[in-house]
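Scroll down for the structure; my scribbles are underneath it.
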Amino acid sequence: MTSYEHKSNGVANEKLNGVGVNGGGGTAAAASTMKMSWWAAFLQRTSLRRLIAYAAVAVVVLVLVIVGAVVGTKRRDENGGNNGSGNSGNNGQQPSFPLDPRLKNSFWGIAYTPYGAIDCTATQANVTKDIMQLSQLTTRIRLYAADCNVTSLVVQAIEDLHVNMSVYAGIYVHPDAESYASQVAQLDNTYAAYGPSRILGVTVGNEYILNAPSRGDTIVNASTWLVSRINDYKAHLLQLTSTSTTAVNYTSIPVGSSDAAGDFINTLVPVSDYLFVNIHPWFSQNTFEQAAWFSWSYMQNIVMPGVDPSLTAIPPAGVSTTSAAVVPTSTARLPELFQGEFGWPTGTDSPPLGVNPAGSLAGIPQMQRVLDDWVCPSNRNGTKYFWFAAYDEPWKAMYGGVEQHWGIFYANGTLKEVTIPDCPHS
Numbered sequence: 001m002t003s004y005e006h007k008s009n010g011v012a013n014e015k016l017n018g019v020g021v022n023g024g025g026g027t028a029a030a031a032s033t034m035k036m037s038w039w040a041a042f043l044q045r046t047s048l049r050r051l052i053a054y055a056a057v058a059v060v061v062l063v064l065v066i067v068g069a070v071v072g073t074k075r076r077d078e079n080g081g082n083n084g085s086g087n088s089g090n091n092g093q094q095p096s097f098p099l100d101p102r103l104k105n106s107f108w109g110i111a112y113t114p115y116g117a118i119d120c121t122a123t124q125a126n127v128t129k130d131i132m133q134l135s136q137l138t139t140r141i142r143l144y145a146a147d148c149n150v151t152s153l154v155v156q157a158i159e160d161l162h163v164n165m166s167v168y169a170g171i172y173v174h175p176d177a178e179s180y181a182s183q184v185a186q187l188d189n190t191y192a193a194y195g196p197s198r199i200l201g202v203t204v205g206n207e208y209i210l211n212a213p214s215r216g217d218t219i220v221n222a223s224t225w226l227v228s229r230i231n232d233y234k235a236h237l238l239q240l241t242s243t244s245t246t247a248v249n250y251t252s253i254p255v256g257s258s259d260a261a262g263d264f265i266n267t268l269v270p271v272s273d274y275l276f277v278n279i280h281p282w283f284s285q286n287t288f289e290q291a292a293w294f295s296w297s298y299m300q301n302i303v304m305p306g307v308d309p310s311l312t313a314i315p316p317a318g319v320s321t322t323s324a325a326v327v328p329t330s331t332a333r334l335p336e337l338f339q340g341e342f343g344w345p346t347g348t349d350s351p352p353l354g355v356n357p358a359g360s361l362a363g364i365p366q367m368q369r370v371l372d373d374w375v376c377p378s379n380r381n382g383t384k385y386f387w388f389a390a391y392d393e394p395w396k397a398m399y400g401g402v403e404q405h406w407g408i409f410y411a412n413g414t415l416k417e418v419t420i421p422d423c424p425h426s
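See below:
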């Protein structure tokens, strides 16, 4: 069983404590009512089946993979790393594939789960095809789990295509230690093969605390376990550094986590180098015209001020691997906050569920408006965000409603009938 099988990316804004009508602060009762909605805990946001489109594209991809194996098989060893702290560029080489003039590199980041990740059937050819497209939209992608060789497939595609892309890798946390250990080992394989230069950070957990009640767990227990996993991974990076034969400092790889906004964010502040906060206006009482403003203002006026400035003791790597204890350090600071997910659906499998609580439709025109209102203004004001998501996810039809319809692309890789905003990002 893979990590993706139970993955819940948490698209529901009813998870945000205190969200009210038109994006204002709501009552506790209103928040509780929203959390009781059918989609609250069980929605699973990950790709299972992505159709392989266009034989011509597939042929190009296969050729590139073969060329990469022959010419670029020289995978990075540990000396190839730059300590994982930034974009590594494309080594001055131009992409080795035809560019789509409709695609603009305007997104700060995009959330991506490869086709076949759930059942470990993801292939290098399919991932490379995806990276061809995504590299024309962004320089950063966010992954959710590390099993099924996903991280290595993505990095290999980036290397083969000579594109300027980096990755926030993910470890999807379960209540058991086995899944965690497996993903840690697979990330080690990625480092060994390519070095850490393409890794911008490792996100340990996605809405693990939020989804505790749906697992029959408590917030306290979930918080303790997640914090222990974050600290354990920092300890692991310290161990990798101490045993490295090429003096690579793996502890410089940022380690963070991801959850919906809420009081439990402060549980993660002391142990995280960064935090992804998932905010989705579709599931709140906000129209598509209000979506961009709601998400930006919620982050600025609710989430950021809600972070307790006294919780700045980020433990050094290797400290506290079995408990939630916080150890103050001389380098204590607040973690950087990112908009972990933001987007708008374009369709529904259940017509009554194709309208959100504010009366806005899931549709192409609505996504276009949200794209226009969000992408360039966010780039100008310095918001760091991940558009959710790269591709539609047909397997989610089993959940009804809008669940499979969040992609910029249809499941077969065809761009939806939208115009990508054209503006630079940092």
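Okay, so the sequence shown: first residue is 1 according to UniProt numbering, each after it adds one.
Think of the CB as a built atom: it goes at the ideal place given N, C-alpha and C, for glycine as much as any other residue.
Under the three-state reduction of DSSP output, tryptophan 395 falls in the helix class. Taking a cut-off of 8 Å on C-beta distances, the segment 283–298 does not touch the segment 230–237, as fewer than three cross pairs fall below it. One alpha carbon belongs to threonine 241, the other to valine 154, and they sit about 23 Å apart. Taken atom to atom, the span from the alpha-carbon of lysine 396 to that of threonine 245 is near 45 Å. Restricting attention to alpha helix (DSSP H) runs no shorter than 4 residues, the segment 107–144 encloses them at 124–134, ordered along the chain. Remark: C-beta atoms of tryptophan 374 and phenylalanine 342 approach each other more closely than 8 Å.
Using a 10 angstroms sphere on the CB of leucine 99, the tally of other CB atoms stays under 16, which defines it as exposed.
According to DSSP, residue pairing for leucine 275 in a beta bridge involves Ser257 and Leu337. Straight-line spacing of the CA atoms in glycine 109 and tyrosine 194 works out to 22 Å. Going by C-alpha positions, valine 255 is about 11 Å away from glycine 205. Taking a cut-off of 8 Å on C-beta distances, the segment 303–310 does not touch the segment 347–355, as fewer than three cross pairs fall below it. In the structure shown, valine 355 falls within a strand segment according to DSSP collapsed to helix, strand and coil.
Remark: C-beta atoms of alanine 122 and proline 114 approach each other more closely than 8 Å. From the listed residues Ala411, Pro377, Asn412 and Pro365, the smallest Cα separation to valine 418 is found for Pro365. Along the length of the segment 164–251, whole alpha helix (DSSP H) runs at least 4 residues long occupy 177–194 and 219–243, reported in chain order.
Membership of phenylalanine 294 in the alpha helix (DSSP H) is indicated by the continuous run 291–298. With respect to the 8 Å criterion, serine 257 and leucine 210 are not classified as neighbours on the basis of their beta carbons.
By the C-beta density criterion, alanine 181 is exposed, having fewer than 16 other C-beta atoms within 10 angstroms.
For tryptophan 374, there is no enclosing beta strand (DSSP E); the enclosing alpha helix (DSSP H) has its first and last residue at 364–381. Taking the C-beta atoms as reference points, leucine 200 is found nearer than 8 Å to tyrosine 168. Residue state for leucine 153 is assigned as helix, using DSSP reduced to three classes. In this structure, the beta-carbon distance from phenylalanine 276 to threonine 203 falls below 8 Å. Distance check between glutamate 336 and each of Phe264, Thr383 and Val150 places Thr383 closest, using alpha-carbon atoms only. Pairing serine 426 with asparagine 105, the inter-Cα distance amounts to about 11 Å. DSSP places phenylalanine 264 in the coil class of the three-state scheme, outside both helix and strand. For phenylalanine 342, the pairing in a beta bridge is given by DSSP as Trp387.
With 16 or more neighbouring CB atoms inside 10 Å of its own CB, threonine 151 falls in the buried class. Cβ neighbours of alanine 358 within its own chain (closer than 6 Å, five residues either side excluded): Gln285, Asn286 and Thr287. For alanine 291 against valine 370, the beta-carbon gap comes to about 5 Å, under 8 Å, which counts as contact.
In this structure, asparagine 356 keeps its C-beta atom at 8 Å or more from the C-beta atom of leucine 311. DSSP, reduced to helix, strand and coil, places phenylalanine 409 within a strand of the structure shown. Residue Lys416 holds the alpha-carbon nearest to the alpha-carbon of glutamine 368 among Lys416, Pro175 and Tyr410.
The bridge partners DSSP lists for leucine 311 come to none. Burial of glycine 262 is indicated by the presence of at least 16 other C-beta atoms within 10 angstroms of its C-beta.
Cα atoms of alanine 212 and proline 175: separation of roughly 10 Å, rounded to the nearest angstrom. Beta-bridge partners assigned by DSSP to leucine 361: Val355.
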